[in-house]
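For the sequence shown, this note's numbering begins at 12 and goes up steadily by one. Think of the CB as a built atom: it goes at the ideal place given N, C-alpha and C, for glycine as much as any other residue. Quick notes on the structure that follows.
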Amino acid sequence: AAGKNPGLAVRDAVLRQDRYGFAFNLNNTALRDRFDDALRELLQRGRMKEILAGWLDGLPVPPSAESGARTGGVLRLGIFADSAPFVFPGPDGGFQGIEVDISKAVCALLGPSLQIIDVGGFDAMCDAVLDGPADFIAG
């Protein structure tokens with residue numbers, strides 16, 4: 012991330028290992044299953060490792076990153092745009108980060124385009140996926 016954003020610095024030591032995932036409305040099992048298939052394919056192709064390595068600037072990539080039906084339409088990612096390197100405003104006015112890159116890669120496998128919606132805050136993310144306007148969130 013520091014290489015992509017001069018306002019960030021990478022620490023020498025990894026302070027903790029966090030789990031990371033995507034969340035969907037409980038009633039949308041079809042999207043969850045398609046997303047899982049796409050993530051598995053990204054892992055098998057090594058694309059997930061490439062994405063993480065690009066954002067983690069030489070820090071160890073989690074071991075889980077080393078290891079689909081296609082449809083059209085749009086998938087809407089709900090974000091809180093203040094959590095670099097996961098997602099933050101880019102210089103072009105759009106958004107960039109790990110969540111954005113993984114979501115774009117999944118959409119490239121599944122077929123739909125990606126629409127990114129800033130839901131305005133971390134507390135609003137769950138409501139955004141439960142009641143709309145987001146199809147999924149990450150974190």
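Residue 87 and residue 113 - do their beta-carbons sit closer together than 8 angstroms? Start at 1 with the first residue of the sequence shown, and residue 113 comes out as number 102. Start at 1 with the first residue of the sequence shown, and residue 87 comes out as number 76. It is not a contact, given that the beta carbons lie outside the stated cut-off.
Tell me the residue span of the beta strand (DSSP E) that contains residue 89. Here residue 89 is taken as the residue at index 78 of the sequence shown, counted from 1. Residue range 85 to 90 is occupied by the beta strand (DSSP E) that includes residue 89.
Between residue 94 and residue 148, what straight-line distance do the alpha-carbon atoms span, to the nearest angstrom? Start at 1 with the first residue of the sequence shown, and residue 94 comes out as number 83. Start at 1 with the first residue of the sequence shown, and residue 148 comes out as number 137. CA-to-CA, the gap between residue 94 and residue 148 works out to about 13 angstroms.
Residue environment, residue 98, which counts as buried when at least 16 other CB atoms sit within 10 Å: Taking the first residue of the sequence shown as 1, we reach residue 98 at position 87. Residue 98 comes out buried.
Which of helix, strand or coil DSSP assigns to residue 125: Sequence index remark: in the sequence shown, residue 125 carries index 114 (1-based). Three-state DSSP puts residue 125 in a strand.
Please work out which residues of its chain come closer than 7 angstroms, Cβ to Cβ, to residue 132, disregarding the five sequence neighbours upstream and downstream, and give them in chain order. In the sequence shown, the residue the question calls residue 132 occupies position 121. Cβ within range, chain order: 91.
Unbroken beta strand (DSSP E) run spanning residue 147, endpoints: Position 136 of the sequence shown, counted from the start, is the residue given in the question as residue 147. In the DSSP annotation of this structure, the continuous segment of the beta strand (DSSP E) that includes residue 147 starts and ends at 147 to 149.
With C-beta atoms as the reference, is residue 65 less than 8 angstroms away from residue 130? The residue labelled residue 65 in the question sits at position 54 within the sequence shown. The residue labelled residue 130 in the question sits at position 119 within the sequence shown. No. Outside cutoff.
Under the three-state DSSP convention, the category residue 133 falls into: As a first step, residue 133 is located in the sequence shown; it is residue number 122 there, counting from the start. In this structure, residue 133 counts as helix in the three-state DSSP scheme.
Less than 6 angstroms between C-beta atoms, sequence neighbours within five positions excluded: which residues of the same chain meet that for residue 138? Counting from 1 along the sequence shown, the entry for residue 138 is found at position 127. Counting only Cβ-Cβ distances below 6 angstroms, and skipping sequence neighbours, we find nothing.
Specify the secondary structure class of residue 140 as computed by DSSP and reduced to three states. In the sequence shown, the residue the question calls residue 140 occupies position 129. Residue 140 carries a helical assignment under DSSP once its states are collapsed to helix, strand and coil.
My understanding is that residue 96 touches residue 109, with C-beta atoms under 8 angstroms, so please give their C-beta distance in whole angstroms. In the sequence shown, the residue the question calls residue 96 occupies position 85. In the sequence shown, the residue the question calls residue 109 occupies position 98. That pair is a contact at about 6 angstroms.
Please state the DSSP three-state secondary structure of residue 34. By 1-based counting over the sequence shown, the position of residue 34 is 23. Reduced to three states, the DSSP call for residue 34 is strand.
Quick one: Cα of residue 49 to Cα of residue 142, how far? Residue 49 sits at position 38 when you count from the first residue of the sequence shown. Residue 142 sits at position 131 when you count from the first residue of the sequence shown. About 24 angstroms.
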